[in-house]
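Each step along the sequence shown adds one to the number in our numbering, with nothing skipped, and position 36 is 122.
Right, one structure below, let's go through it.
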Amino acid sequence: MGKRAKRGKAETIALPMAARVAIGAVALAALGYGLLSGPENVQPIRKPAAHQALASSTPVYVAAPAHAPAPAPAPAPAPAPVPVPTPAALVEPPKAADGPGALVRQVVDYASHQTPGTVIVDTKNTFLYFVLNDTQALRYGIGVGREGFTWSGEQTVARKTEWPDWRPPAEMLVRQPYLPRFMAGGPGNPLGARAMYLGETEFRIHGTNKPDTIGKRVSSGCIRLTNDDVVDLYERVKVGAKVIVLPAVAPSPGPKVAEVQ
C-alpha cells in the first residue's frame, strides 16, 4: 500500500476515534450534572413513621375510650296526697289552747252552724263557746270535771241564779264528810257569782272563788268560769238556750248525779 493510502486509512480510523472521545466527554459531563442537580420533578423518598411501620407488620389493639357512667336519673317526687272532702261537721273540731292568754275571754273564729246564743262546752280543751253567728263565737276558759266525772250530751238552760246558795249533794258528802250541809250565796261560796242550771240535772255552769282552777280538771262535773266571765255569760245566755257538751274522749252514756266541787 502506498503512503497516501495508509495516510487516508489512518485519517479514516482517527476521525471516528476522536468523535467517540468527544461524545464520551459530553456524556460524562451530562451524567455529572444530573448527579449534582437532580431532576426537579423527582420527590424524595420518605421513610414511613414508626407507628406506620409497626402497623404494617404487627397488629395493634387499641382499647375503646373509657367513658364515665351516666348519672342515674333522680327519682320523680311523689305526688302530693289529694285531700278528700268531708261533709261539714255540726260543730267545729275542738282546738287546743293557743298560748298563755288562750283562757282569756275573746271573740274567735268558730264555724259551729248552731243558732246564735247556743253554748258549746269543749271539755277536752277546757273552752266554752257562746255562738255569735255562723263563723264566730265568744270563747271563755273553763274548769271541767276531773277523771271519772266528765259527761257529754245536750241540755237546755232551765234557770239562772245570782249569787246562788250551795247545798252539797249526798254523794259528795259521803266522799267529803267535812263539807258544810249548806252555804249561803256570797264571795266565799264555791258556786261563785252566778249559776245556770242545766235541764233537770244538778249540773251547773257557775262561777268560782278559786280562779286558779280555770283550765284544769278538778270539778265533779259542773262547768266553772271566773266570776267576771260567768257574770258576762249570764247576761248573754237566755233561759231555754241549748247547751252542747262535747265528750272529752268518747261519748259517755249520760250525765251522772251532779256535784259541785
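Here a beta-carbon is modelled for each residue, glycine too, at the ideal position from N, C-alpha and C.
Drop a sphere of 10 angstroms on the beta-carbon of residue i, count the other beta-carbons inside from all chains shown, and report buried for 16 or more, exposed for fewer.
i, result
"Asp315", "buried"
"Asp208", "buried"
"Pro202", "exposed"
"Thr51", "With the chain represented from 87 up to 347, any question about residue 51 goes unanswered, as that position is not in the structure."
"His199", "exposed"
"Gly307", "buried"
Excluding the 5 residues flanking residue i on each side, which residues of the same chain have their C-beta closer than 6 angstroms to its C-beta?
i, result
"Arg303", "Val230, Arg232"
"Ala269", "One detail in the question is off: residue 269 reads as Met in this sequence, not Ala. Excluding sequence neighbours, Met269 sits near Trp252, Asn275."
"Thr247", "Ala281"
DSSP state of residue i, grouped into three classes?
i, result
"Leu265", "coil"
"Thr242", "strand"
"Ala223", "strand"
"Ala256", "helix"
"Leu332", "strand"
"Asp251", "coil"
Name the two residues that bound the continuous alpha helix (DSSP H) containing residue i.
i, result
"Val319", "What sits at residue 319 in the sequence shown is Leu, not Val. Taken as a continuous stretch (DSSP letters only), the alpha helix (DSSP H) holding Leu319 covers 313-322."
Which whole-angstrom value describes the C-beta separation of residue i and residue j, a residue pair presumed to lie in contact below a C-beta threshold of 8 angstroms?
i, j, result
"Ile300", "Ile228", "6 angstroms"
"Ala279", "Asn313", "4 angstroms"
"Pro266", "Asn295", "Not really, about 14 angstroms apart at Cβ, beyond 8 angstroms."
"Phe213", "Val205", "That belief does not hold up - the Cβ atoms of Phe213 and Val205 are roughly 11 angstroms apart, past 8 angstroms."
"Ala327", "Thr242", "7 angstroms"
Could you pull the start and end residues of the beta strand (DSSP E) that residue i belongs to?
i, result
"Arg280", "280-284"
"Tyr215", "213-217"
"Arg290", "290-292"
"Val205", "205-208"
"Gln200", "Run containing Gln200: none; DSSP gives neither H nor E here."
"Val193", "192-195"
"Val325", "No beta strand (DSSP E) contains Val325, which DSSP labels as neither H nor E."
"Arg303", "303-305"
With a CB to CB cut of under 7 angstroms and the five nearest residues on each side skipped, what residues in its chain are close to residue i?
i, result
"Ala136", "The pLDDT assigned to Ala136 is 47, lower than 50, so where the model puts this residue is not dependable; a value taken from the coordinates is nonetheless given after this. Once the five neighbours on either side are set aside, Ala136 has no close Cβ partner at all."
"Ile309", "Val207, Leu214, Ile228, Val230, Ile291"
Among residues of its own chain, excluding the 5 on either side of residue i, which ones have a beta-carbon nearer than 8 angstroms to its beta-carbon?
i, result
"Leu332", "Val177, Pro180, Ile206, Val207, Asp208, Thr209, Lys210, Ser238"
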